[in-house]
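Heads up: the structure comes next, in structure tokens.
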Amino acid sequence: MEQLQLIMKRKVFLLFFIFLFSLSLNNLSFCEEIPAQEPLELEITESMPVELLLHSLARTFNQNITISPEVKGDCPVLSLKNLSFEEALNLICETMQLQWKKIKDAYIVSKPSIAPIVIIPEQTKLFVIKYISPEAALLLVQSLVKDKEKITLIPELKTIKATSTPDILKQIEETLKEADYPEAKETEEEIITESITTKYLTLSAVAELVAPLLKEAKGNYSLSPKTKTITITAPRKIVAKLSREIKEKDKETAPERAKVPAIPQVMIESKLVEFIGGNSRYFNIDWSYFKIKGERFTAYTPGEQTSTEVTTGSLALGFIKATENYLFDSLLETYITEEKAEILTAPKAAAMDGETALFNYSKTYKWWEATPYFDSEGKLTHTTYSLGEPVEVKISLEVTPQIDTEEKEVVVTLHPIVEDIIDWVEQPDYPDVKVPNVSKEELTTKLRIKDGDTIAIGGLMKKKEESRITKIPILGSIPLLGYLFRKTDISKSKTELIIFLTVRIISPE
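Per this note's numbering, residue 16 is the first one in the sequence shown, and the count goes up by one each step.
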């Protein structure tokens, strides 16, 4: 209560101060009126009625002002320093959501007027077609109306019924007047060709629809199943009529027997995983299904001092059945965390029934190419080294699904291609310089799996032996005795590369 009284006292004091300030401007001879363009020095530190503030502002600048009765409310704290009359008036009006206008020498302040929303009533009108076909006329005017259902054709009366606003109806009338004249009938007999693409109807259902009328009009049609398109060649009026009928029936509400069945799709998730040692044996992969013997190969990593053991390479196919008790992704994540495996790449792709999805993983090797130079006696004088053409080895996989949605099965056609550097071949003129030799393994097979099963492509084993020399500086480089101050560490590692493919049928809903 005391706080409310304090606020009221402050407002009374402020009003009294403004009143005295106004009197002083009128009565004191040394205080002149401020011209309208001169800046104002005033700061409002307490909220006050906006109408009182506007009257005081006009009196200060000696301006005539009229305030509408609906202008009410308290104006918040404002700084009106260095502002002209109109700038101060703008600031007050914007703050209080008011508007002002100037008529001769007077300013009028009011609340903004809200223009009423005018709803133009729609009308219905009939347009009788005299010369051109009603179908052709309908196609002409349909683009003028947003709601196509509000413009219909009454064929037996050769009449178009349109419901819209008066201005749209006027446009329809003018359009038909320009098109519907005696000579226009001749153009309707002109033979034209038009292609119509359907969204829901099967092409066989469309053919049943157009065949009777085309036979009577001596027209013809052709079907393109790949693009779901029918191409009609007939008189213009016949094409217009058939186009309208097809579009009317090509809706989601069409009979199920006439609809194009949804094309089934699968999501193919691939993972290229490198296992350390023999850790892949814990993944319950059944390798007994299929196996193809491959060539023996070695692995080499350029830039390292390595000697590699020859290992047997073979491409093998296996399965991981999708069960609730076996969580493939969780187990793989655990192996990655424990550094027992590494995912090199994990692309995924959707493929429709009968279409091929392609997965590629490539690695580029750089190597030094040596060019020896010999003297006239055939002795080696010097050798220059330069980077040879980079060698790209890749693993690619083509996957083509055939989907059985009823049995929840997928017949998968696989075509993996695996490339690798198998050895380094000596150059005839300089045996110490070797160039990379790339091998390629591939197979094509067809497998039937259940929805959610995982295919494993494995057998890509690598054994690598790496030697690293550590030595004491200077002493380790002494001829003959240097071996006493050097140490050679030989490390052996074994890795296995497995490609996992999980195939899931995508629900059409």
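We treat Cβ as the ideally placed atom computed from N, Cα and C, and that holds for glycine.
On a predicted model such as this, the values are computed, not experimentally measured, just so you know.
Handout entry: Pairwise C-alpha distance: residue 283 and residue 472
Key = Residue 472 and residue 283 have their alpha carbons spaced roughly 14 Å apart.
Practice task
Could you please give me the residues that DSSP links to residue 196 through a beta bridge?
Solution key: Note: residue 196 sits in no beta bridge, so no partner.
Exercise for the section: Rank 84, 127, 191, 72 by C-alpha distance to the C-alpha of residue 104 and give the top, closest one. Expected result: 72
Problem - Per-residue burial, residue 513 [other beta carbons within 10 Å of its own, 16 or more giving buried] - result: buried
Exercise for the section: State the DSSP-derived secondary structure class of residue 221, mapped to helix, strand or coil. Expected result: Here residue 221 sits in helix by DSSP.
Practice task
Identify whether residue 177 lies in helix, strand or coil by the three-state DSSP scheme.
Solution key: Three-state DSSP puts residue 177 in a strand.
Handout entry: Environment of residue 128 [buried if 16+ CB atoms lie within 10 Å]
Key = exposed
Exercise for the section: Using DSSP bridges, identify the partner residues of residue 236. Expected result: 247
Exercise for the section: Determine the direct distance from the alpha carbon of residue 246 to that of residue 528, and round the result to whole angstroms. Expected result: Because residue 528 is not part of the residues shown, which for the chain are 16 to 524, the question remains open.
Problem - Residue closest to residue 421, alpha-carbon to alpha-carbon, out of 466, 170, 392 - result: When each option's Cα is compared against that of residue 421, the closest is 466.
Handout entry: Coil, strand or helix - residue 515 by DSSP
Key = strand
Exercise for the section: Look at the Cβ atom of residue 178, then the Cβ atom of residue 139, and state whether they are nearer than 7 Å. Expected result: yes
Problem - Cα-Cα separation between residue 353 and residue 291, rounded to whole angstroms - result: 11 Å
Practice task
Give the secondary structure of residue 390 by DSSP, where H, G and I count as helix, E and B as strand, and everything else as coil.
Solution key: coil
Practice task
Could you have a look at residue 427 and say whether DSSP puts it in helix, strand or coil?
Solution key: strand
Exercise for the section: Look at the Cβ atom of residue 418, then the Cβ atom of residue 368, and state whether they are nearer than 7 Å. Expected result: It is a contact, given that the beta carbons lie within the stated cut-off.
Problem - Through-space distance from residue 189 to residue 522, alpha-carbon basis - result: 50 Å
Practice task
Select from 83, 265, 69 the residue whose C-alpha is nearest the C-alpha of residue 106.
Solution key: 69
Problem - DSSP-derived helix/strand/coil call for residue 182 - result: helix
Practice task
Determine the DSSP secondary structure at residue 41, reduced to helix, strand or coil.
Solution key: Residue placement at residue 41 is poorly supported in this model, since its pLDDT is 44, which falls under 50; the coordinates still yield a value, given next. Residue 41: helix per DSSP, three-state reduction.
Handout entry: Short Cβ contact (7 Å threshold) for residue 409 with residue 454
Key = no
Problem - Beta carbon of residue 433 nearer than 7 Å to that of residue 452 - result: Contact flag unset, no.
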